[in-house]
Amino acid sequence: MPRLGDVELTRIGLGTNRLRNTPENVAFVREAVAAGVSFVDTAHSYTDGESEATIGAAFSPAPEGVVVATKGGYARGEGRPEVLRTQIEDSLRRLRTDTIALYYLHRVDPETPLEESLGAIAEYRDAGKIRHIGLSQVGIEQIERARRVLPIAAVQNHYNLSERQYEDVVDYCAGEGIVFVPYFPLGGDGGSALREIAERHGATPAQITLAWLLRRSPAMVPIPGTLSLEHLKENLAALELELSGDELEALR
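In my numbering, the protein residues as written are 2 to 253.
This is the structure in structure tokens:
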């Protein structure tokens with residue numbers, strides 16, 4: 002099982018990029034954790050801060066063994082240290098926490114040296130306000146450059162059945178003990194092979210897609226987004242699916 006520090010992660014998490022701060026969604030986040038989710042992914046930019054605020058309202062602090070990950074520095078110019086500091090403070094306040102379990106630099110800022118952006122995040126790690134640090138939408142060279150500044154615990158890149166630009170990053174993360182978090186994991190098209198395999202297993206195409214991702218790398222932790230407890234439980238059920246070598250080859 003992939004680990005983040007001393008926490009063993011359930012291998013399917015919850016993406017929250019559409020989460021609005023309503024009583025129903027606060028209840029949903031609590032139900033998601035009760036159903037077995039141990040990894041909840043958000044960002045400073047999601048739904049103008051409502052996603053973080055919803056998670057903060059759902060649990061403060063997060064239950065033991067549950068990792069809430071957030072991100073900052075998404076837009077051009079937002080990798081500047083002073084901007085990141087403000088965004089980290091916003092995230093701490095909205096999440097109602099003293100410590101963010103995992104904080105990603107959401108994008109490498111073309112206007113700011115990576116080392117400067119990470120330096121600002123490192124200040125919060127050194128102060129005990131961030132536990133682990135991640136990067137998003139990066140190549141191996143950028144990961145290695147970052148690791149010369151501080152340890153990198155997770156990488157979140159666009160990756161799914163059709164989007165395979167980061168195959169080398171997937172393998173690098175597995176080899177280095179870095180959690181790989183594919184975003185938009187259910188995007189892409191598996192074509193007729195996906196539909197046939199789903200029928201054979203009595204599963205949905207989404208469940209087969211998740212099962213394929215889990216088999217692709219031991220470091221893989223997909224974060225499909227949903228606002229439905231029923232869909233969330235369907236996603237978690239993919240943990241029980243075993244694909245054969247032939248089925249993996251058909252999807253490859």
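The beta-carbon is built from N, C-alpha and C at its ideal position, and this holds for glycine as well.
Measure the alpha-carbon distance for residue i versus residue j and round it to whole angstroms.
i: Glu164; j: Leu214; result: 12 Å
i: Arg4; j: Thr11; result: 9 Å
i: Ile13; j: Leu195; result: 19 Å
i: Tyr173; j: Ile224; result: 20 Å
i: Gly129; j: Thr227; result: 31 Å
So the beta strand (DSSP E) residue i belongs to, where does it begin and stop?
i: Asn158; result: 155 to 159
i: Asp190; result: Run containing Asp190: none; DSSP gives neither H nor E here.
i: Leu249; result: From DSSP, Leu249 is part of no beta strand (DSSP E) but of the alpha helix (DSSP H) over 246 to 252.
i: Arg19; result: Run containing Arg19: none; DSSP gives neither H nor E here.
Check each candidate in the options and name the one with the smallest Cα separation from residue i.
i: Leu85; options: Ala63, Glu124, Glu51, Thr55; result: Glu124
i: Glu250; options: Met221, Tyr173, Arg132, Arg217; result: Arg217
i: Arg146; options: Leu162, Val171, Leu119; result: Leu119
i: Thr98; options: Arg108, Leu15, Pro64; result: Pro64
i: Gly32; options: Glu231, Arg253, Ala239; result: A small correction: the amino acid at residue 32 is Glu; Gly does not occupy that position in the sequence shown. Here the closest residue by C-alpha is Glu231.
i: Gln138; options: Ser92, Val171, Tyr47, Ile198; result: Val171
i: Gly178; options: Glu79, Ile131, Ile153; result: Ile153
i: Ile131; options: Thr71, Arg149, Met2; result: Thr71
I need the boundaries of the alpha helix (DSSP H) containing residue i, first residue and last residue.
i: Gly120; result: 115 to 127
i: Ala70; result: Note, Ala70: premise wrong, no alpha helix (DSSP H); beta strand (DSSP E) at 68 to 73.
Would you say residue i touches the ligand COA, meaning its beta carbon is less than 7 Å from a heavy atom?
i: Arg217; result: No copy of the ligand COA occurs in the structure displayed, which carries no ligand at all.
Evaluate residue i with the Cβ neighbour count: other Cβ atoms within 10 Å of its Cβ, from every protein chain shown; 16 or more gives buried, anything less gives exposed.
i: Pro186; result: buried
i: Ser61; result: exposed
i: Pro183; result: buried
i: Arg108; result: buried
i: Gln166; result: exposed
List in chain order: all unbroken beta strand (DSSP E) runs of 3+ residues lying wholly within the stretch 71 to 113.
101 to 106
Length at least 3, wholly inside the stretch 206 to 232: the beta strand (DSSP E) runs in chain order
none
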